[in-house]
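Colleague: Numbering (UniProt numbering), first residue to last: 1 to 77. I have a structure here, written as C-alpha coordinates, and I will follow up with some questions on it.
Right under this line is the structure:
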(Lines of atoms letter the chains of each structure in order from A and count residues from 1; the text may use other names and numbers.)
(Lines give C-alpha, C1' and ligand atoms only; values in the text may rest on other atoms or scores of the structure.)
Protein backbone atom coordinates (compact mmCIF):
# COMPACT_ATOMS: atom_id res chain seq x y z
CA UNK A 1 0.00 0.00 0.00
CA UNK A 2 2.99 2.23 0.49
CA UNK A 3 3.81 1.20 -3.08
CA UNK A 4 1.22 -0.69 -5.06
CA UNK A 5 0.24 -3.72 -3.02
CA UNK A 6 0.18 -4.73 0.60
CA UNK A 7 3.69 -5.57 1.87
CA UNK A 8 5.20 -7.01 5.03
CA UNK A 9 6.46 -3.51 5.80
CA UNK A 10 2.89 -2.17 5.60
CA UNK A 11 1.68 -4.86 7.99
CA UNK A 12 4.59 -4.22 10.34
CA UNK A 13 3.85 -0.49 10.43
CA UNK A 14 0.16 -1.21 11.02
CA UNK A 15 0.97 -3.49 13.96
CA UNK A 16 3.48 -1.00 15.38
CA UNK A 17 0.95 1.84 15.35
CA UNK A 18 -1.75 -0.41 16.84
CA UNK A 19 0.61 -1.49 19.60
CA UNK A 20 1.78 2.02 20.39
CA UNK A 21 -1.84 3.20 20.56
CA UNK A 22 -2.50 0.50 23.13
CA UNK A 23 0.68 1.07 25.14
CA UNK A 24 0.69 4.88 25.03
CA UNK A 25 -2.79 6.21 24.14
CA UNK A 26 -2.21 9.76 25.42
CA UNK A 27 1.17 10.14 23.77
CA UNK A 28 -0.04 8.66 20.49
CA UNK A 29 -3.03 11.01 20.36
CA UNK A 30 -0.53 13.87 20.46
CA UNK A 31 2.16 12.34 18.23
CA UNK A 32 -0.17 11.14 15.48
CA UNK A 33 -0.91 14.73 14.48
CA UNK A 34 2.74 15.12 13.49
CA UNK A 35 2.78 11.86 11.51
CA UNK A 36 -0.46 12.04 9.55
CA UNK A 37 0.99 10.04 6.64
CA UNK A 38 1.72 7.02 8.82
CA UNK A 39 -1.71 7.23 10.42
CA UNK A 40 -3.29 7.41 6.97
CA UNK A 41 -1.30 4.33 5.91
CA UNK A 42 -2.47 2.53 9.06
CA UNK A 43 -6.09 3.41 8.33
CA UNK A 44 -5.85 2.26 4.70
CA UNK A 45 -4.37 -1.06 5.80
CA UNK A 46 -7.17 -1.52 8.36
CA UNK A 47 -9.72 -1.06 5.55
CA UNK A 48 -8.03 -3.54 3.20
CA UNK A 49 -10.77 -6.23 2.87
CA UNK A 50 -8.81 -9.29 4.10
CA UNK A 51 -7.29 -7.28 6.97
CA UNK A 52 -10.66 -5.76 7.91
CA UNK A 53 -12.21 -9.25 8.03
CA UNK A 54 -9.39 -10.49 10.24
CA UNK A 55 -9.66 -7.50 12.58
CA UNK A 56 -13.40 -8.09 12.95
CA UNK A 57 -12.96 -11.81 13.60
CA UNK A 58 -12.37 -13.65 16.84
CA UNK A 59 -9.04 -14.90 15.51
CA UNK A 60 -7.18 -11.71 16.34
CA UNK A 61 -5.43 -11.95 19.69
CA UNK A 62 -6.04 -8.71 21.60
CA UNK A 63 -3.24 -6.76 23.19
CA UNK A 64 -2.76 -7.67 26.84
CA UNK A 65 -0.57 -6.86 29.80
CA UNK A 66 1.89 -9.69 29.12
CA UNK A 67 3.07 -8.74 25.65
CA UNK A 68 5.57 -6.14 24.53
CA UNK A 69 2.69 -3.75 23.80
CA UNK A 70 1.23 -3.46 27.28
CA UNK A 71 -0.16 -0.24 28.70
CA UNK A 72 2.60 1.75 30.34
CA UNK A 73 0.51 4.27 32.30
CA UNK A 74 3.54 5.70 34.11
CA UNK A 75 5.24 6.50 30.79
CA UNK A 76 2.15 7.66 28.87
CA UNK A 77 2.25 11.45 28.79
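Ideal Cβ positions, reconstructed from N, Cα and C, are used throughout, including at glycine.
Taking the straight line between their C-alpha atoms, what separation do you get for residue 39 and residue 48?
Modeller: Working through the chain shown from its first residue, we reach residue 39 at position 39. Working through the chain shown from its first residue, we reach residue 48 at position 48. Cα to Cα, the separation comes out at about 14 Å.
Colleague: Start and end of the alpha helix (DSSP H) containing residue 54?
Modeller: The sequence position of residue 54 within the chain shown is 54, counting from 1. It spans 49-56 - the alpha helix (DSSP H) in which residue 54 sits, taken as one unbroken run.
Colleague: Taking the beta carbon of residue 42 as the centre, do at least 16 other beta carbons fall within 10 Å, making it buried, or is it exposed?
Modeller: Here the question's residue 42 lines up with position 42 in the chain shown. Buried: at least 16 other Cβ atoms inside 10 Å.
Colleague: Please check the pair residue 26 and residue 77, which I expect to be a contact at CB under 8 Å, by giving their CB distance rounded to whole angstroms.
Modeller: Here residue 26 refers to the residue found at position 26 when the chain shown is read from its first residue. Here residue 77 refers to the residue found at position 77 when the chain shown is read from its first residue. The pair is a contact, with the Cβ atoms about 6 Å apart (cut-off 8 Å).
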